[in-house]
Amino acid sequence: GQQLNQSPQSMFIQEGEDVSMNCTSSSIFNTWLWYKQDPGEGPVLLIALYKAGELTSNGRLTAQFGITRKDSFLNISASIPSDVGIYFCAGGNDYKLSFGAGTTVTVRA
Amino acid sequence: DVKVTQSSRYLVKRTGEKVFLECVQDMDHENMFWYRQDPGLGLRLIYFSYDVKMKEKGDIPEGYSVSREKKERFSLILESASTNQTSMYLCASSFRQGPSYEQYFGPGTRLTVT
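Going line by line, the protein sequences match chains A and B.
The first sequence maps to residues 1 to 109 in our numbering.
The second sequence maps to residues 1 to 114 in our numbering.
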């Protein structure tokens, strides 16, 4: 599969903070998607992006499909405790997805 | 709501055993996928299927095989389980047309091979 570099690897959030994560690749993708995985569960689709430059929101989540088609970012505004989990980016080509290694979000004590 | 179910949440098998993992989806999706998830590596595609009786190798097919006899069911088979196949296994499905990249996942099967 194609290599995706997702950063940061992990982050701590404080309730009310805005957080951001991104994904880059040396390959061009036709689509970018963002998933969230809670402990012991399968990933759940958050946002799908189909057009270069597209900016899409889903509640407090905002994601963008990079203009070069080689990157994407996800922002979470006004974070809440249930935002903890692992966030994955995925790039799509030929009806298949390649996944990043994930960003683990935990609550700062 | 899309529902993807997997036959077991947790499984413990011995080295050399034949292991079957089953996945069923109820949304009439044409595409079905098997991934394994390991810490720090994300999700890696093992096999996928675009149609009944059709299968394609993913990125890490060695040591695995699959079967798709019915549209809603996709099975992953470990012919002779080894300890390096201890992992979380995730099944997913999607449409062939339209939003075909939007894959929906099952809850996963955590397999331990001892």
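Where is the CB? At the ideal position from N, CA and C, for every residue including glycine.
Just so it is clear, the structure is predicted and the values come from calculations on it, not from any experiment.
Ends of the beta strand (DSSP E) at residue i?
i	result
residue 46(B)	42 to 49
residue 95(B)	No beta strand (DSSP E) contains residue 95(B), which DSSP labels as neither H nor E.
residue 64(B)	64 to 70
residue 76(A)	71 to 76
Here's a check: name, in chain order, each residue in its chain whose Cβ is nearer than 7 Å to the Cβ of residue i, leaving out the five neighbours to either side.
i	result
residue 80(A)	15
residue 90(B)	35, 37, 43, 105, 106 and 108
residue 28(A)	69 and 70
residue 53(A)	65 and 67
residue 85(A)	36, 37, 38 and 105
residue 4(A)	23, 25, 89, 91, 98, 99 and 100
residue 57(B)	47
With DSSP as the reference, label residue i as helix, strand or coil.
i	result
residue 37(B)	strand
residue 2(A)	coil
residue 93(A)	strand
residue 37(A)	strand
residue 25(B)	strand
residue 83(B)	helix
residue 63(A)	strand
residue 51(A)	coil
residue 13(B)	strand
residue 60(B)	coil
According to DSSP, residue i sits in a beta bridge with which residue or residues?
i	result
residue 105(A)	11(A) and 85(A)
residue 29(A)	BP columns for residue 29(A) are empty, so no partner.
Starting from the C-beta of residue i, find all residues in its chain whose C-beta is less than 8 Å away, skip the five residues before and the five after it, and write them out in chain order.
i	result
residue 61(B)	46 and 47
residue 53(B)	68 and 69
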